[in-house]
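Notes follow the structure.
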Amino acid sequence: MSGRVVVFTGPSGVGKGTLLRSVLADHPEIYLSISATTRSPRAGEVEGEHYYFMDATGFQDLVKRNDLLEWAEFAGNCYGTPRQPVQDQVDQGKLVILEIELEGARQVRKTFPEAFQIFVLPPSLEELEKRIRQRGQDEESAIQKRLAKASVEIDAADEFDLQIINDDLNSAVEQFKAALFEQSPGEKVETPLASTAS
């Protein structure tokens, strides 16, 4: 049995993590891809479980050998998806999910074009702002940056095979599961986009 790769993305604060945890709790057989990073481990993080930790030289070697499906630099550290662990899981017939940023998803279209790509949308930018503020984790300037980035990302949603509007969590989870287990590879799904007008 051949496995498949699903790319999963959307703006910060849209609820991607909640959707993923809900699906993974019911389907532990799904393999969630682990990223490589040059940043130092944080308290409680385990090598090969949370990240593959490596130095800058080792990471650049992966880049030069084209051994990353996608990679980017954030705040002075590099992050990327190693190709081989993903390919190994696919060869074993596993469903592999890559939770990555928009730019990473665009890279994967070139490095792994058979991947099915899902974008999670908020009901509106106003609702996204409300959710980000309710988390209480960011200063006002950071919130404005997140919202500006989210607006750009939402504009790119129609690049994806499927858009899921995370308005009602249970409904969004069911749509996500349907895409994972009922979707034919390569089948384009049309889903109405949420209005982002302010």
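Numbering (our numbering), first residue to last: 702 to 899. The beta-carbon is built from N, C-alpha and C at its ideal position, and this holds for glycine as well.
A contact is defined here as three or more CB-CB pairs under 8 angstroms, and the region 831–843 fails this definition with respect to the region 719–733. When the five nearest sequence neighbours on each side are left out, the beta carbons in the same chain lying within less than 6 angstroms of the beta carbon of Q808 are those of E771, in order along the chain. Within the region 810–865, the runs of alpha helix (DSSP H) at least 4 residues long that lie entirely inside it are, in chain order, 826–836, 841–856. The Cβ neighbour count for Q793, taken over all protein chains shown within 10 Å, is under 16; the residue is labelled exposed. Of the candidates L796, T738, I833, the residue whose Cα lies closest to the Cα of C779 is T738.
In the structure shown, R705 adopts extended strand secondary structure according to DSSP, grouped into three states.
DSSP places E804 in the helix class (H, G or I) of the three-state scheme. The C-alpha of A880 is placed about 22 angstroms away from the C-alpha of S825. When secondary structure is reduced to three states using DSSP, G759 falls in the helix class. CA-CA distance, R705 to S872, rounds to 23 angstroms.
Following the DSSP letters along the chain, one finds A879 inside the alpha helix (DSSP H) bounded by residues 870–882.
Non-local C-beta neighbours of H751 in its own chain, meaning closer than 7 angstroms and more than five positions away in sequence, are absent. Contact annotation: the region 852–863 touches the region 806–823, with at least three C-beta pairs closer than 8 angstroms. Counting other Cβ atoms within 10 Å of its Cβ, V764 stays below 16 and is therefore classed as exposed. For N778, the beta-bridge partners assigned by DSSP are F775. Rounded to whole angstroms, the Cβ separation of L799 and T812 is 11 angstroms, and the two are not in contact under 8 angstroms.
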